[in-house]
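Trainee: Before anything else, here's the structure in question.
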Amino acid sequence: MIDHRRLGRELDLFVSDPLAGAGLPIWLPAGAAARHAIEEYVREVERRAGYQHVYSPPLGKRELFALSGHLGYFADDMFPPMRLSADDEFVLRPALCPHHALVYRARGRSYRELPLRVGELGAMYRAERSGVLGGLSRVRAISLNDAHNFCTLEQVGDEVREILRLIREAHAALGVRPSGFRLSLRGPGAKYVGDDASWARAEELLRAALDGMDHEEAPGEAAFYGPKIDIQIVDAASRESTLSTVQLDFDKPEKFDLSYTDPAGARQRPVLVHRSLVGSMERLFAYLIEVHQGAFPPWYAPVQLLLLPVDAGPAGQAGAVARLARRAVDAGLRVEVDATGSLGARVRDAARRRVPYVGVVGAREAADDAVALRLRDGRSLDPMPADDAVGLIGAVVAARSAELLPAR
Ligand SMILES: [Zn+2]
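If you're matching positions, the sequence shown starts at 1 in this note's numbering and goes up one per residue.
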């Protein structure tokens, strides 16, 4: 494996500028293109699974985070409040749950609406000390793939099973290979909120949802507000961290006084499930850059097709290549033309950039409206009609395949 910071520089994915601040990376166009593809994919997976997406601001009044409890138990990890006036203080949020609790509370809820799944890819902040920051793996501005599923205790088992299924589906598409699943349970002591029966039931439901999946159990590792499942990854430096998570919470529905009306018309308290399918975009990319060594699957490669005219001069193929590029862009592909320098140097540069498809157009291809594709893995295909080449790449991208050629 390779350090993602070096590859991030070489591939122009992101930059960390001391003037902007440590732990506040800037996504360059190539990194942003790959991230955008993944964000669209995750949003689509969630939409199909019944999630409703919202937008909420990355900062809020101090009182919101006092109510959620973050200012009580999480203050050390938060940036200090910003004071506008004596009774108007704001904090950069350390989590999205408080805002999503307000989404739930925006109107009365019926049992018929549950599970209510509120999703957002949102910004949050951690006041990490500068010494621990590095590249994308530890940052101060975090873009989290987050959702909060409000449901009844009876629904928790099915809900968690479905979340685990979505996590496995997303991991397979992205090329994430988790190092393990960990079920964190309650330990001895009185720091836990919620009654014993609910805890026992919740732990049982999480264990049942993990049925058949290899996992370890960690007594005493649960949060004070509920048990959780963490899906771990290991980075190039052999450090383990959590990528995806499913966390039960008995506390925030209480704190925000969330309720729904049951079939008998009585007010009931929902259970909150915090979950992230792929974690933060920063930690995810730190991992993906290393595990793929920069050679992303075509569907989220920053540039999918790099077109090279053999002769870029006035009598050459620049015009034919420009027309082909237009068609490929209109077909939804991310395309670039490289017309500067020797053909050999351009082919080598495409390999350095890990571009999955290089399309070479010489005099004969230009005359035939054709292109010769070279694949990132070294294979070369015979010249084919340009539309076929665009269709071939489009099919691989649409299938979100890790292979470079469509399955036959
Ligand atoms: Zn949350």
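C-beta atoms are modelled at their ideal positions from N, C-alpha and C, and glycine is treated no differently.
Would you list the one or two residues that DSSP bridges to Met82?
Mentor: Phe90.
Trainee: Give the straight-line distance between the Cα atoms of Arg129 and Gly313, rounded to the nearest whole angstrom.
Mentor: Distance between the alpha carbons of Arg129 and Gly313: 54 Å.
Trainee: Would you give the residue range spanned by the beta strand (DSSP E) that Met213 belongs to?
Mentor: Where Met213 is concerned, there is no enclosing beta strand (DSSP E), given that its DSSP letter is neither H nor E.
Trainee: Would you mind sorting Met82 into buried or exposed? The rule is 16 or more other CB atoms within 10 Å of its CB.
Mentor: Met82 should be labelled exposed.
Trainee: Could you check the C-alpha separation between Leu324 and Ile289 for me, to the nearest Å?
Mentor: Answer to the nearest angstrom: the Cα atoms are 30 Å apart.
Trainee: Compare the Cα-Cα distances from His171 to each of Asn149, Thr245 and Lys255 and report the closest residue.
Mentor: Comparing Cα-Cα distances from His171 to each of Asn149, Thr245 and Lys255, the minimum goes to Thr245.
Trainee: Less than 7 Å between the beta carbons of Ala147 and Gly189, yes or no?
Mentor: Going by C-beta atoms, Ala147 is not nearer than 7 Å to Gly189.
Trainee: Any chance the CB of Val274 is under 6 Å from a heavy atom of ligand 1?
Mentor: The sequence given here places His at residue 274; Val does not occur at that position. Under cutoff, so the answer is yes.
Trainee: Following a CB-centred definition, is Cys97 positioned closer than 6 Å to any heavy atom of ligand 1?
Mentor: Cys97 Cβ: within cutoff of ligand 1.
Trainee: Applying the criterion that 16 or more other CB atoms from any shown protein chain within 10 Å of the CB defines a buried residue, is Glu159 buried or exposed?
Mentor: Burial call: buried.
Trainee: When burial is assigned at 16 or more other CB atoms within 10 Å of the CB, is Ala328 buried or exposed?
Mentor: With 16 or more other Cβ atoms within 10 Å, it is buried.
Trainee: Quick check on the DSSP output: the alpha helix (DSSP H) that includes Gly119 runs from which residue to which?
Mentor: No alpha helix (DSSP H) contains Gly119, which is instead part of the beta strand (DSSP E) from Leu116 to Tyr125.
Trainee: In the DSSP assignment, find the alpha helix (DSSP H) that holds Pro309 and state where it starts and stops.
Mentor: Looking at the DSSP string, Pro309 is not in any alpha helix (DSSP H); the run it does join, the beta strand (DSSP E), is Leu305 to Pro309.
Trainee: Quick check: what's the CA-CA separation for Asp413 versus Leu243?
Mentor: Residue numbering for the chain in the displayed model covers 1 to 408; residue 413 lies beyond these limits and cannot be assessed.
Trainee: Helix, strand or coil: which one does DSSP assign to Gly72?
Mentor: Gly72 falls in the helix class under three-state DSSP.
Trainee: Run through DSSP, which three-state label would Ile231 get?
Mentor: Three-state result, Ile231: strand.
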